[in-house]
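Q: Residue numbers (full-length UniProt numbering): 1 to 351.
All C-beta atoms in this analysis are idealised placements derived from N, C-alpha and C, irrespective of residue type, glycine included.
None of these values were measured; they are calculated from a predicted model.
Supplied in structure tokens, the structure appears directly below.
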């Protein structure tokens, strides 16, 4: 019967101490083992088919090499699920697994989900939101907690969020750079709480404000119209905006030559309204969305120029921050990730 190789076998094969092997196999090589020795140990382990015993390693280190993730509705989201994918891939690359509980938008389930993951002895927690939210406070736990796609209002925290404002400015710069001077924006629907702050998803007002300021700062005109988040609301808003006022660059009384919608779904509504009115996109009207939603932005005709949300990258960075915090190497901070423009077929210079 073949004997399973042990750490002592790897040490003997590599000509190093068992302590050096332990440092490398437990991810502690930096500062303890030279890169050349590390490579020698890894080659020896591969040659011997050595795999560390995760159960024994967990018992020795008091770590389970598992992260917990609680989400509000990401598992059922058409695009924010990429946060989970990014987190899972990055964790696996570091020898960790991610245990996820989706509360399906039921806030009352969140405390129970967090408690359950802590009970299962995860090393750290990630709380991920489908839409960019500002929480009254970060979830409380005895282990490190990282917020993904959300921040806490009242305290310092570890968080990673999208640069919604920067993305909206990139959209404005793109349209202005094409020569558009008569623009419109469909702003998303949002509600304010009793204290006057935006409740729920705060992306809409952030994007709308940044786009409007970027356009007006150049002297160009922008008409702001409530357009909601959905296809039907974007369609209705664009129909009301364009019907009887066709796009006419530089002409008094004409409609806008470009429309920015704060979501891809509302932008699809604009495309449908343009088709209903006999307008060609982008020849008569340029359209830009926001989200780069899977199964929508790249698949409509014409393919939608949009601003991408870095969902996968947020998941990856959240895991990096959680693992650094577990190792005691991280102080509270907020990482803001860029939202790049994805140029496709729905924008061009005005006629």
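Decide if residue 34 is buried, meaning its Cβ has at least 16 other Cβ atoms within 10 Å, or exposed.
A: The residue you call residue 34 lines up with position 34 of the chain shown. Residue 34 comes out exposed.
Q: Is it a yes or a no for the stretch 151–160 touching the stretch 169–189, going by three-plus beta-carbon pairs under 8 angstroms?
A: Output reads no: the stretch 169–189 does not touch the stretch 151–160.
Q: Can you give me the Cβ contacts of residue 347 inside the same chain, cut-off strictly under 8 angstroms, excluding the 5 residues immediately before and after it?
A: Locating residue 347 in the chain shown gives position 347, where the first residue counts as 1. Taken in chain order, the residues that qualify are 174, 175, 178, 258, 282, 286, 287, 288 and 305.
Q: Which class does residue 161 belong to by DSSP, given the choice of helix, strand or coil?
A: Working through the chain shown from its first residue, we reach residue 161 at position 161. Residue state, collapsed to three classes: strand.
Q: Which value, in whole angstroms, describes the spacing of the CA atoms of residue 93 and residue 168?
A: Here the question's residue 93 lines up with position 93 in the chain shown. Here the question's residue 168 lines up with position 168 in the chain shown. If I take the Cα positions, the gap works out to 33 angstroms.
Q: Verify whether the separation of the beta carbon atoms of residue 113 and residue 126 is less than 7 angstroms.
A: On the chain shown, position 113 is the one that residue 113 refers to. On the chain shown, position 126 is the one that residue 126 refers to. Not closer than 7 angstroms, so no.
Q: Does the contact criterion of 3 or more C-beta pairs under 8 angstroms hold for the stretch 102–110 versus the stretch 332–346?
A: The stretch 102–110 is not in contact with the stretch 332–346.
Q: Quick check on residue 278: does DSSP put it in helix, strand or coil?
A: On the chain shown, residue 278 is found 278 positions in, with the first residue counted as 1. Note: residue 278 maps to coil in three-state DSSP.
Q: Cα separation between residue 91 and residue 241?
A: Counted from its first residue, the chain shown places residue 91 at position 91. Counted from its first residue, the chain shown places residue 241 at position 241. Computed Cα separation, rounded: 47 angstroms.
Q: So, are the CB atoms of residue 48 and residue 72 less than 7 angstroms apart?
A: Residue numbering aside, residue 48 sits at position 48 when the chain shown is read from its first letter. Residue numbering aside, residue 72 sits at position 72 when the chain shown is read from its first letter. For residue 48 and residue 72, no; Cβs fall outside 7 angstroms.
Q: What residues in its chain sit with their C-beta under 7 angstroms from that of residue 232, if we drop five residues either side in the sequence?
A: Position 232 of the chain shown, counted from the start, is the residue given in the question as residue 232. Here the set comprises 269.
Q: Can you give the Cα-Cα distance for residue 188 and residue 202, rounded to whole angstroms?
A: Residue 188 sits at position 188 when you count from the first residue of the chain shown. Residue 202 sits at position 202 when you count from the first residue of the chain shown. Computed Cα separation, rounded: 10 angstroms.
Q: From 230, 172 and 234, pick the residue whose C-alpha is nearest to that of residue 207; which is it?
A: Locating residue 207 in the chain shown gives position 207, counting from the first residue. Of the listed residues, the one whose Cα sits closest to residue 207 is 172.
Q: Compute the distance between the beta-carbons of residue 124 and residue 312, then report whether it is under 7 angstroms.
A: For the purposes of this step, residue 124 is taken as the residue at position 124 of the chain shown. For the purposes of this step, residue 312 is taken as the residue at position 312 of the chain shown. It is not a contact, given that the beta carbons lie outside the stated cut-off.
Q: Any chance you could list the alpha helix (DSSP H) runs of at least 4 consecutive residues sitting entirely within the stretch 91–157, in chain order?
A: With a minimum length of 4 residues, the continuous alpha helix (DSSP H) runs that stay inside the stretch 91–157 are 110–119.
Q: Tell me where the alpha helix (DSSP H) around residue 13 begins and ends.
A: Along the chain shown, one-based indexing puts residue 13 at 13. Here the alpha helix (DSSP H) through residue 13 covers 7–14.
Q: Could you spell out where the beta strand (DSSP E) holding residue 352 opens and where it closes?
A: Residue coverage of the chain in this structure runs from 1 to 351, which leaves residue 352 outside it and unanswerable.
Q: Starting from the C-beta of residue 223, find all residues in its chain whose C-beta is less than 6 angstroms away, skip the five residues before and the five after it, and write them out in chain order.
A: The count along the chain shown starts at 1 and reaches residue 223 at position 223. Contacts found: 184.
Q: What's the C-alpha gap between residue 139 and residue 301?
A: As a working mapping, residue 139 is identified with position 139 in the chain shown. As a working mapping, residue 301 is identified with position 301 in the chain shown. So the alpha carbons of these two residues sit roughly 43 angstroms apart.
Q: Check for me: the alpha helix (DSSP H) holding residue 206 runs from which residue to which?
A: What you label residue 206 is simply residue 206 of the chain shown in a count that begins at 1. Element bounds for residue 206: 203–216.
Q: Given that a residue counts as buried once 16 or more other Cβ atoms are within 10 Å of its Cβ, and exposed if not, what is residue 234?
A: Your numbering for residue 234 matches position 234 in the chain shown. With 16 or more other Cβ atoms within 10 Å, it is buried.
Q: Would you decide whether residue 46 is buried or exposed? Buried here means 16 or more other CB atoms lie within 10 Å of its CB.
A: In the chain shown, residue 46 corresponds to position 46, counting from 1. With fewer than 16 Cβ atoms within 10 Å of its Cβ, residue 46 is classed as exposed.
Q: Around the C-beta of residue 68, are 16 or more other C-beta atoms found within 10 angstroms, so that it is buried, or is it exposed?
A: Taking the first residue of the chain shown as 1, we reach residue 68 at position 68. Buried, since its Cβ has 16 or more Cβ neighbours within 10 Å.
Q: So which of 135, 345, 16 and 325 has the shortest CA-CA distance to residue 298?
A: Indexing the chain shown from 1 puts residue 298 at position 298. Nearest C-alpha to residue 298: 345.
Q: Suppose you measure from the CA of residue 44 to the CA of residue 32; what does that come to, to the nearest Å?
A: Here residue 44 corresponds to residue number 44 of the chain shown, with the count starting at 1. Here residue 32 corresponds to residue number 32 of the chain shown, with the count starting at 1. The alpha-carbon atoms of residue 44 and residue 32 are separated by roughly 18 angstroms.
Q: Tell me where the beta strand (DSSP E) around residue 333 begins and ends.
A: Residue 333 sits at position 333 when you count from the first residue of the chain shown. Residue 333 -> beta strand (DSSP E) spans 333–337.
Q: How long is the line joining the alpha carbons of residue 243 and residue 284, rounded to whole angstroms?
A: For this step, residue 243 is matched to residue 243 along the chain shown. For this step, residue 284 is matched to residue 284 along the chain shown. Straight-line Cα distance between these residues: approximately 13 angstroms.
Q: DSSP three-state call for residue 224: helix, strand or coil?
A: Indexing the chain shown from 1 puts residue 224 at position 224. Strand.
Q: Report the CB separation of residue 291 from residue 309 in whole angstroms; it is logged as a contact under 8 angstroms.
A: The residue labelled residue 291 in the question sits at position 291 within the chain shown. The residue labelled residue 309 in the question sits at position 309 within the chain shown. Contact flag correct, Cβ pair sits at about 6 angstroms.
Q: Mark residue 142 as exposed unless 16 or more other C-beta atoms lie within 10 angstroms of its C-beta, in which case mark it buried.
A: Against the chain shown, residue 142 aligns to sequence position 142. Exposed.
Q: Return helix, strand or coil for residue 300, following the three-state DSSP convention.
A: Stepping through the chain shown from its first residue, residue 300 is reached at position 300. Here residue 300 sits in coil by DSSP.
Q: Rounded to a whole number of angstroms, what is the C-alpha to C-alpha distance between residue 215 and residue 351?
A: The residue labelled residue 215 in the question sits at position 215 within the chain shown. The residue labelled residue 351 in the question sits at position 351 within the chain shown. Spanning the two alpha carbons is a distance of roughly 19 angstroms.
Q: To the nearest angstrom, how far is the alpha carbon of residue 320 from that of residue 294?
A: To locate residue 320, count along the chain shown from 1; it is residue 320. To locate residue 294, count along the chain shown from 1; it is residue 294. Straight-line Cα distance between these residues: approximately 25 angstroms.
Q: Rounding to the nearest angstrom, what Cα-Cα distance links residue 117 and residue 133 in this structure?
A: Taking the chain shown and counting its residues from 1, the one referred to as residue 117 is at position 117. Taking the chain shown and counting its residues from 1, the one referred to as residue 133 is at position 133. Answer to the nearest angstrom: the Cα atoms are 22 angstroms apart.
Q: Return the first residue and the last residue of the alpha helix (DSSP H) that residue 231 is part of.
A: In the chain shown, residue 231 corresponds to position 231, counting from 1. Unbroken alpha helix (DSSP H) run through residue 231: 231–242.
Q: Across which residues does DSSP place residue 186 in a beta bridge pair?
A: Here residue 186 refers to the residue found at position 186 when the chain shown is read from its first residue. 225 and 261.
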